[in-house]
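To start, the structure under review is shown below, and the notes come after it.
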Amino acid sequence: MPNNFLITGSPGSGKTTVLEEVIDNLKQKGYETGGIYCPEIRSEGKRKGFRIIDIMSGESKILAHVDQKEGPKISKYKVNVTNVDVVSESAISRALEEADIIVIDEIAPMEVYSEVFKEQVLKSLSTEKPSLAAIHKRSKSGFIGQVKNRDDTTMFVVDENSRGNLSERLTDLVLKSVS
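Here it is, written out as structure tokens:
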């Protein structure tokens with residue numbers, strides 16, 4: 042049975058919300074989650090960028106921002122690859138050693154500019170520990186396509202029909218793979 046669970050959906054569909062709900066459900070049952078999540082940075086009601094946060098330590102850095110001076114450009118944002126390297130290496134390594142479940146939000150074009158991030162994702166998907174990750178919907182090739190096509194992953198789509206019960210379903214599946 043695959044122990045890597047991928048969540049995909051359109052931007053704004055609720056991928057991160059589903060992940061947060063699963064993390065909360067797992068914590069209530071006594072399980073430790075670790076890894077990264079990348080929430081939006083908003084100012085005056087507008088999205089200005091994204092942070093990358095270590096779930097276990099709370100360490101937080103800028104992932105990408107409209108005011109970032111250097112780095113690869115995705116849409117209106119420039120990616121801080123060094124920050125992605127630093128946080129993904131420490132957070133995912135810590136999760137591999139100390140957590141019961143590894144969480145990665147999100148395997149997407151901004152993050153995959155980091156070779157360190159890609160290495161850490163592959164390590165997390167190759168361990169016996171269950172991994173729960175949000176993954177970019179449109180990408181079908183390159184690193185993202187390779188992750189989607191692994192035999193040890195199961196994909197779930199977040200949309201208005203699935204959003205209501207997906208976190209409970211994923212919680213149950215992750216718990217079965219931990220036991």
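In our numbering, the protein residues as written are 42 to 220. Even for Gly, the Cβ is constructed at its ideal location relative to N, Cα and C. Quick caveat, the model's predicted, so the values are computed rather than measured.
Boundaries of the alpha helix (DSSP H) in which residue i is found, first to last residue
| i | result |
| --- | --- |
| A136 | V122 to E139 |
| K68 | K56 to Q69 |
| V153 | Counting along the chain, V153 falls outside any alpha helix (DSSP H), and DSSP gives it neither H nor E. |
Buried/exposed call for residue i, threshold 16 Cβ in 10 Å
| i | result |
| --- | --- |
| E147 | buried |
| T123 | exposed |
| N202 | exposed |
| G90 | buried |
Close-in-space but distant-in-sequence residues of the same chain around residue i (CB under 7 Å, 5 per side omitted)
| i | result |
| --- | --- |
| S51 | K178 |
| I64 | T74 and V144 |
| D200 | G50 and S54 |
| V128 | I77, I93, D95, E100 and K102 |
Terminal residues of the beta strand (DSSP E) in which residue i lies
| i | result |
| --- | --- |
| N45 | N45 to T49 |
Nonlocal neighbours in the same chain, by C-beta distance under 6 Å from residue i, ignoring five residues either side
| i | result |
| --- | --- |
| V198 | T49 and G50 |
| F184 | V153 and K159 |
| D126 | S155 and V157 |
Under the three-state DSSP convention, the category residue i falls into
| i | result |
| --- | --- |
| S182 | coil |
| K164 | helix |
| D146 | strand |
Close-in-space but distant-in-sequence residues of the same chain around residue i (CB under 8 Å, 5 per side omitted)
| i | result |
| --- | --- |
| L207 | I48, V59, F197 and V199 |
Taking the runs of the beta strand (DSSP E) that are 3 residues or longer, which of them lie wholly in the region 79-114?
81-84, 87-95 and 101-106
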